[in-house]
Every structure is written in structure tokens, then in C-alpha cells.
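J.:
Numbering (this note's numbering), first residue to last: 5 to 325.
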């Protein structure tokens, strides 16, 4: 079963927990163009800033409003920190934990720990071993064996920057992830995981002022079945959210496919529609349309303001992809 409700993550903004705007975002005092954020205590913080980051998190949690305006996740540095964060975040408005550098050997610990805390989890696959398809299959098999935890998998994230680091590479301006060395793992990992029903989120494009390449990249992400994309600046949000909108033609065809009176095979808009094989696609299109809207029609996500002047990048925003 595909978890298309994960589309509600939208463009997921990674922020260092020490970013000066975090409290204002969590309290709804400044507008934000995203529907989910990750407060990062891992690569986005220098080692010496970790104590300040934990203290800041304590302050944030102790003053959280009853209802958060965005889905909020925490990204710890390791399992030990995660255990502490799960204790702090339990019974608050924080939704879950982004688990960094997960392996098949550690996935059990992340699942058990977040289950005990009543939190969701986003396992992040970002180590060199995941260039081997058998390791992706191992992650899938563990999740299949823990079907009771399936609803707590907010998404499976692919950590593009860390994967490139294992090759001594980084993202290049003007080249989408699909055109570079990540193309193999994006195709392979998404095919294995998405075909088993798991929602997969696409990695960040961290050249902030190159929105043209971001647009080309996220269009490929959407076409491949990814349900969300990491961003590191609010200026990227509108490009991502727009790419996830559906066309009128696709929505019309999807609803026709899902019509209980639909013929076994029919043509609509010059396209063959076959409900027996296109029903899952149609459910995906309807889910995307309900969350992101129809191209050319105003939607809730498209109206979210950016206010770039209120979201200046902190000097610590490195390494959040």
C-alpha cells in the first residue's frame, strides 16, 4: 500500500536549531512557505555548538504552542543523542526524528526508540554501502518485517550530499542529481522502496540561486515518484511545491480511472486509460492534487509567502542535505 499522505511534507526546510528564526516559525510569528521543517543538530552544527544547540532546543520545547504551524522533526547527530531527543520531544507537538546515516544494522534501534516515544521516523540513507542494491533491499525487508511501524515512516530520505562525499564529490551548478553520479542510486533506491509502498524523499539541491536547475531536478523527482524534497532556503520552496502540482488533464484522467463505472479500457485526452493498471497512478495524482493543487489554480501551498529577508541563511547551514 502506498502512503500518499506523505505528500503533505511538501518542500521540507532543513534549519540549524540555532537559526534565529526557528522560534518565530514554530509560533507562527513569521510566515513560511513550507509545510514541514527539520531542526538539525547534526551536520548543520559545528561540534563546539552542540551544547548551545541542545540548550536552545530545550528552550524551544518548553515554550512550544499547543498546535505547531508546520510539521516539525528533529535531526540528531547519532543514536545516543536521538535517545535524549526522543525523551525531550515525547508528548510535544514535535512529530518525529530524522535518523541520520541509518544502516540495516541500526534501523531496528531507530524503529524501537521512536516507537517507544510515540514519534514518527525518517530514516536517511546516506552511506557508501547504499550504492549496493542489496543494502537498499535489506532496509526494505526490515521495514516489511515491521509492518506495524509502517505508518510511522514519515518518509525515507536519500542524503545526496553525504552520498556524494563518499565519492569525494559535491553538487555542481547546472547539473541535476539525475544527470550526475547520484542518478544511479536515485533510480535504484526509489524503484526498490517505492514499489514496496514506502514514501521516499528526494535530496537537496544546495546551489540556492540556481532555481532553473532546481526546477528541472524536482520535475524528475516528481516523475520518479518521490513525495517530498529537502530544501535549505525558503526561496526554493515555491519551485518545489509548483512542480508537485498536477495538470488538469492528469486530474481528469485520474478521476475517470477511479470512477467505479469506468470501462476496462478507454481514451481520454489522447491517452489510453486502463483502470486495472492505472489505479495506483490515479490515487497518486489525486493525492498530489488535493495537497498541492492544480497547475494554474491558486492553492494553499502556492499562496504561502517566502519573505526571504526574514530567512537569511545562517553561517551554519552547511551539510544539511
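Ideal Cβ placement from N, Cα and C applies to all residues, glycine included.
1) Taking the continuous alpha helix (DSSP H) assigned at residue 161, which residues delimit it?
2) Which class does residue 127 belong to by DSSP, given the choice of helix, strand or coil?
3) Does DSSP classify residue 110 as helix, strand or coil?
4) Among all the DSSP beta bridges, which residues are the ones paired with residue 78?
5) Would the beta-carbon of residue 189 fall within 9 Å of that of residue 173?
6) Take residue 87 as the anchor and find which of 76, 75, 100 has the nearest alpha-carbon.
7) For the alpha helix (DSSP H) containing residue 279, name the first residue and the last one.
8) Just how far apart, CA to CA, sit residue 223 and residue 248?
9) Any idea what DSSP makes of residue 36, helix, strand or coil?
10) Quick one, are the C-beta atoms of residue 60 and residue 21 less than 9 Å apart?
11) Could you tell me the boundaries of the beta strand (DSSP E) in which residue 227 lies?
12) So does the region 115 to 132 actually touch the region 65 to 74, counting three or more Cβ pairs closer than 8 Å?
13) Given this structure, state the Cα-to-Cα distance separating residue 299 from residue 213, to the nearest angstrom.
14) Where does the unbroken alpha helix (DSSP H) through residue 260 begin, and where does it stop?
15) According to DSSP, is residue 209 part of a helix, a strand, or is it coil?
16) At which residues does the beta strand (DSSP E) containing residue 235 begin and terminate?
17) Look up residue 248 in the DSSP assignment and say whether it is helix, strand or coil.
18) Looking only at its own chain, which residues have a Cβ that is under 6 Å from the Cβ of residue 118, when we skip the five neighbours before and after it?
19) Check whether the region 37 to 54 touches the region 5 to 19, counting contact only when three or more Cβ pairs, one atom from each stretch, lie closer than 8 Å.
20) Compare the Cα-Cα distances from residue 196 to each of 179, 111, 162, 30 and report the closest residue.
21) Excluding the 5 residues flanking residue 8 on each side, which residues of the same chain have their C-beta closer than 6 Å to its C-beta?
22) Skipping 5 residues on each side, what residues in its chain have a beta carbon closer than 8 Å to that of residue 271?
23) Quick check: residue 170 and residue 131, are their CB atoms within less than 9 Å of each other?
24) Report the rounded CA-to-CA distance for residue 267 versus residue 178, giving the unit in angstroms.
25) Give the C-beta separation of residue 27 and residue 64 to the nearest angstrom, bearing in mind that I take them to be a contact with Cβ-Cβ under 8 Å.
26) Straight-line CA distance for residue 257 to residue 279?
27) Can you grab the Cα-Cα spacing for the pair residue 81 / residue 255, in whole Å?
28) Use the C-beta contact count for residue 227: other C-beta atoms within 10 angstroms, 16 or more gives buried, fewer gives exposed.
29) Would you tell me roughly how many angstroms separate the C-alpha atoms of residue 217 and residue 261, rounded to the nearest one?
30) Compute the Euclidean distance between the alpha carbons of residue 51 and residue 11, then round it to the nearest angstrom.
31) For residue 203, which beta-bridge partners are listed by DSSP?
32) Going by C-alpha to C-alpha distance, which of 240, 265, 229 sits closest to residue 250?
33) Give me, in chain order, the residues of the same chain whose beta-carbon lies closer than 8 Å to that of residue 144; leave out the 5 immediate sequence neighbours on both sides.
T.: Result, derived from the coordinates:
1) That residue, residue 161, is in no alpha helix (DSSP H); its beta strand (DSSP E) goes 160 to 162.
2) Residue 127 falls in the strand class under three-state DSSP.
3) Helix, per DSSP.
4) Partner residues in the beta bridge of residue 78, as assigned by DSSP, are 43, 101.
5) No, the pair does not count as a contact, with Cβ atoms beyond the cut-off.
6) Among 76, 75, 100, the Cα nearest to that of residue 87 is on 100.
7) Residue 279 -> alpha helix (DSSP H) spans 279 to 296.
8) Between residue 223 and residue 248, the alpha-carbon positions lie close to 8 Å from each other.
9) DSSP places residue 36 in coil when its eight states are reduced to three.
10) Yes.
11) Here residue 227 belongs to no beta strand (DSSP E); instead the alpha helix (DSSP H) covers 215 to 227.
12) As far as the Cβ criterion goes, the region 115 to 132 does not touch the region 65 to 74, which means the pair count is below three.
13) Residue 299 and residue 213: Cα-Cα distance of roughly 24 Å.
14) Unbroken alpha helix (DSSP H) run through residue 260: 252 to 262.
15) In the structure shown, the three-state DSSP call for residue 209 is coil.
16) Segment 232 to 235, the beta strand (DSSP E) holding residue 235.
17) Residue 248 falls in the coil class under three-state DSSP.
18) If we look at residue 118 and ignore the five residues flanking it on each side, its Cβ neighbours are 101, 125.
19) The region 37 to 54 is in contact with the region 5 to 19.
20) Cα-wise, what sits closest to residue 196 is 162.
21) Answer for residue 8: 288, 291, listed in chain order.
22) The beta carbon of residue 271 sits closer than 8 Å to the beta carbons of 277 from its chain, once the five residues preceding and following it are set aside; these are given in chain order.
23) Residue 131 sits close to residue 170, with the two beta carbons spaced by under 9 Å.
24) Spanning the two alpha carbons is a distance of roughly 45 Å.
25) Between the beta-carbon of residue 27 and that of residue 64 there is about 6 Å, and that keeps the pair under the 8 Å contact cut.
26) Computed Cα separation, rounded: 10 Å.
27) Each residue's alpha carbon lies about 41 Å from the other.
28) Under the 10 Å beta carbon count, residue 227 is surrounded by fewer than 16 other beta carbons and is classified as exposed.
29) One C-alpha to the other measures close to 33 Å.
30) If I take the Cα positions, the gap works out to 33 Å.
31) Beta-bridge pairing links residue 203 to no other residue.
32) Among 240, 265, 229, the Cα nearest to that of residue 250 belongs to 229.
33) Excluding positions up to five away in sequence, the list reads 196, 197, 200, 202.
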